[in-house]
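A.B. asks: The structure is given below, and queries will be raised subsequently.
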Amino acid sequence: MNPLDKALLCVNIILERKAADPVLFKVAKLTSITDYFLIASGKSSRQVQAIAQHLQRRMKEEGFTAFGIEGEKDGHWILLDYSDVVIHL
35 MNPLDKALLC
45 VNIILERKAA
55 DPVLFKVAKL
65 TSITDYFLIA
75 SGKSSRQVQA
85 IAQHLQRRMK
95 EEGFTAFGIE
105 GEKDGHWILL
115 DYSDVVIHL
């Protein structure tokens, strides 16, 4: 799957759990870390955690595992690194 398709898949998955205001940035020419940043919000730390857990579950079904996850325990801000797509919730 190319990076854009993976990024759009992530957008659709987080919207399944009512993520608010998703914004997808193409950053491939700005950094070598990733191709896309996806930034979205939730109304509470519990919702942010639910979005992150749902994203992990659905991405695993699609054959992708996050290389790194930060902030999942507290849920105030969660980062999920899928290599060419990094998600900030």
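If you use the numbering used here, the sequence shown corresponds to residues 35 to 123, in order. Even for Gly, the Cβ is constructed at its ideal location relative to N, Cα and C.
1. Using three-state DSSP, classify His88 as helix, strand or coil.
2. Buried or exposed for Val57, please, with buried defined as at least 16 other CB atoms from any protein chain shown within 10 angstroms of its CB.
3. With three or more C-beta pairs closer than 8 Å as the rule, is the region 68 to 75 touching the region 89 to 106?
4. Does the distance from the C-beta atom of Ile73 to that of His122 stay below 7 Å?
5. Please determine, among Leu38, Ala54, Asp39, Phe98, the residue with the shortest C-alpha to C-alpha distance to Ser78.
6. Per DSSP, what are the beta-bridge partners of Asp115 in this structure?
7. Gln83: buried (16+ other C-beta within 10 angstroms of its C-beta) or exposed?
8. Can you list, in chain order, the residues of its chain whose CB lies under 8 Å from that of Glu50, leaving out five sequence neighbours each side?
C.D. replies: Looking at the coordinates:
1. If DSSP states are grouped into helix, strand and coil, His88 belongs with the helices.
2. exposed
3. no
4. Ile73 places its beta carbon less than 7 Å from that of His122.
5. Ala54
6. Gly102, Val120
7. Its Cβ being crowded by 16 or more others within 10 Å, Gln83 is buried.
8. His88, Arg92
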